[in-house]
Amino acid sequence: MNLRTYEVDVPIHDTAHPDRRGVHVFTGEADSPTAALRRAHEVYDAALAAHTAGLEIPGKQPDSWGARGLRPGWQMEWPAAKAGLWHNPVSWTSRSDFAL
470 MNLRTYEVDV PIHDTAHPDR RGVHVFTGEA DSPTAALRRA HEVYDAALAA
520 HTAGLEIPGK QPDSWGARGL RPGWQMEWPA AKAGLWHNPV SWTSRSDFAL
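Using our numbering, the first residue of the sequence shown is number 470, and each one after it goes up by one.
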């Protein structure tokens, strides 16, 4: 299996103030964008279930997926979620000011 690190961006909005919008970001290892979307949704569902039951939100899973927190009152827009390969924004290979 060829696992790579993916980022899943899920648009969100505040249910009390629909004009307030944002993006919830998940990262983890997967073998495809489809698998990444599935895992992000699974860890979110697990975090929501734990929170609803008054339990601690599960930490990062062995496959590196996890949810560190929830935003009560914010609605996830899963149909609009996008998955793609994650690019480390602080990697020296992605810096435009790098010169030899």
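Think of the CB as a built atom: it goes at the ideal place given N, C-alpha and C, for glycine as much as any other residue.
Across the set Arg473, Gly535, Gly553 and Ala549, the C-alpha of Ala549 shows the shortest separation from the C-alpha of Val479. Our two residues, Val477 and Ala485, have alpha carbons roughly 25 Å apart in a direct line.
Taken in chain order, the whole beta strand (DSSP E) runs of length 3 or more contained in the segment 479-546 are 490-499 and 543-545. With contacts defined by Cβ atoms closer than 8 Å, Gly538 and Pro527 do not form a contacting pair. Pairing Ala522 with Arg540, the inter-Cα distance amounts to about 16 Å. Judged by DSSP in its simplified three-state form, Ala549 adopts helix. The residues Arg473, Thr474, Tyr475 and Glu476, in chain order, have a CB closer than 8 Å to that of Leu554 in the same chain once the five nearest residues on each side in sequence are set aside.
Here Val559 carries a coil assignment [DSSP, helix/strand/coil]. When rounded, the separation of the alpha-carbon atoms in Met545 and Ile481 is 5 Å.
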